[in-house]
Amino acid sequence: MKKYLIIFLILTSCINEESRTADNYYEVDDFTKAIELYNEVIKLKPNDIKSIYRRGRSYEELKKYNLAFKDYNKVLELDKNNSNAALSIAIHHIRNSNYELAELYSNKVIKTNSDLHQGYFILGRSLQYQGKFLDAIKAFKTSISINKNYSNSYYYLGLVYLKLKDDKKACKNFSISESLKNEEAIKVKKKYCY
230 MKKYLIIFLI LTSCINEESR TADNYYEVDD FTKAIELYNE VIKLKPNDIK
280 SIYRRGRSYE ELKKYNLAFK DYNKVLELDK NNSNAALSIA IHHIRNSNYE
330 LAELYSNKVI KTNSDLHQGY FILGRSLQYQ GKFLDAIKAF KTSISINKNY
380 SNSYYYLGLV YLKLKDDKKA CKNFSISESL KNEEAIKVKK KYCY
């Protein structure tokens, strides 16, 4: 029995070391090497949520969106309340113009973690694209109330106001976004606010 315990401890130590090394590669944007190491960790520990999620993020950084999507779904199979995976799936659906699914997953994020401003931000974008502008405004404002320094919330809120022909509120939000160094807001503000 002692022999098996020692083997188990050695394997666990190796898995933890590979996982930390993979995380290091992930942190320095060497996503290809990170994926290689996460694959090794996942072979030995197939339900390691962190490694599966990080591998998905690495795939996404390499624009391998379908592989990333598979990993995010696997994470949700293992942990249905994982707000990071749900948010990543919502973003995947925004990217693929599946706005109703993006709304569904954004709401799942908000239900799981109501303090995550990105959940409200992606909800706002999905509502905006569906033409539900008043609901989008509410979502963007909630995102802003949680994180006042996230320039994209102001920028997209400005776009909604622009669509509603409320130039004053649009320009106010573009100005705030510009002050937070949002390049798109600078361009849009020059076009519509001068």
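Under my numbering, think of the first position of the sequence shown as 230, with each following residue one higher.
Think of the CB as a built atom: it goes at the ideal place given N, C-alpha and C, for glycine as much as any other residue.
This structure is a prediction, so every number in the text was calculated from the model and none was measured.
Could you tell me if asparagine 289 is buried or exposed, where buried requires 16 or more neighbouring beta carbons within 10 angstroms of its beta carbon? Going by the sequence as given, residue 289 is glutamate instead of asparagine. Buried is the call here.
Unbroken alpha helix (DSSP H) run spanning cysteine 400, endpoints: 396-408 is the span of the alpha helix (DSSP H), which, as asked, contains cysteine 400.
Distance, glutamate 269 Cα to lysine 419 Cα: Taking the straight line joining both Cα atoms gives about 50 Å.
### Message
Assuming the contact rule is C-beta atoms closer than 8 Å, tyrosine 328 and serine 355 should be a hit. Round their C-beta distance to whole Å, please.
### Response
Here tyrosine 328 really is in contact with serine 355; their C-beta atoms are around 5 Å apart, less than 8 Å.
*Taking the alpha-carbon positions, what's the lysine 293 to leucine 305 distance?*
Spanning the two alpha carbons is a distance of roughly 19 Å.
*Assign glycine 360 to one of three DSSP states: helix, strand, or coil.*
Three-state DSSP puts glycine 360 in coil, outside helix and strand.
- Can you tell me whether DSSP reads serine 374 as helix, strand or coil? Shown here, serine 374 sits in a helix according to DSSP, grouped into three states.
Open item on the list: Please give the ranges of any beta strand (DSSP E) in the stretch 282-337, keeping only runs that are unbroken, at least 3 residues long and fully inside the region.
Closed with: If we require 3 residues or more, the stretch 282-337 turns out to have no beta strand (DSSP E) run fully inside it.
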